[in-house]
């Protein structure tokens with residue numbers, strides 16, 4: 033009788049764990065976008081949610097290779113487009129950084145315990161379009177106008193040290 037009680041207890045715990053997992057997945061799946069972002073008002077992303085969760089980094093890596101190595105600037109799934117759509121407005125006309133706590137990128141990456149390194153170099157908010165003269169003087173942000181594009185602003189220090197940048201660039205050259 034003790035062995036059947038143990039089996040029933042294990043089955044009950046397994047069932048309870050499954051219900052908790054199912055409910056937490058349902059809650060998690062509804063939070064695919066941050067409220068207050070452009071994406072919150074849209075029906076879908078550039079691909080179905082499940083596909084984006086699994087493959088977004090592959091899309092970004094493919095486009096990174098096209099831009100950096102081949103000079104192709106008209107990519108389909110750019111990091112700039114992701115940020116433009118998923119950044120939440122802050123109420124004063126600006127945006128919350130997408131990697132800030134509780135925001136789109138950081139929420140999923142923290143949930144999965146995955147390092148979010150894109151924003152050590154790239155901008156965390158949608159770029160504000162400026163005139164060509166402003167961007168040429170270093171104040172702009174549009175890549176086509178001669179500014180830094182999605183890179184960090186010219187007055188910001190990079191999050192990586194010089195040694196880390198050298199190592200990072202060496203890895204890209206090897207690929």
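Numbering (the numbering used here), first residue to last: 33 to 207.
A virtual CB, placed ideally from N, CA and C, is assigned to each residue, including glycine.
contact_flag[the segment 86-101, the segment 117-127] where n(CB pairs < 8 Å) is 3 or more:
no
Taking the alpha helix (DSSP H) that residue 98 falls in, what are its first and last residues?
81-102
Of the listed residues 65, 133, 145, nearest to residue 82 (C-alpha basis):
65
Return the residue from the list 91, 158, 113, 108 that minimises the CA-CA distance to residue 121.
158
Give the straight-line distance between the Cα atoms of residue 145 and residue 135, rounded to the nearest whole angstrom.
15 Å
Mark residue 93 as exposed unless 16 or more other C-beta atoms lie within 10 angstroms of its C-beta, in which case mark it buried.
exposed
Chain-order list of residues whose beta-carbon lies under 7 Å from that of residue 111 (same chain, five-residue window excluded)
92, 150, 154, 182
Kindly indicate which residue of 90, 123, 131, 105 has the alpha-carbon position closest to the one of residue 115.
131
Given a threshold of 16 other Cβ atoms within 10 Å of its Cβ, counted over all protein chains shown, does residue 179 qualify as buried or as exposed?
The predicted model places residue 179 with a pLDDT of 36, which falls under 50 and marks its position as unreliable, so this point remains unresolved.
So residue 69 and residue 119 are supposed to be a Cβ contact under 8 Å. How far apart are they, rounded?
6 Å
Straight-line Cα distance separating residue 152 from residue 139:
17 Å
Distance, Cα to Cα, residue 88 vs residue 78?
10 Å
Assign residue 70 to one of three DSSP states: helix, strand, or coil.
helix
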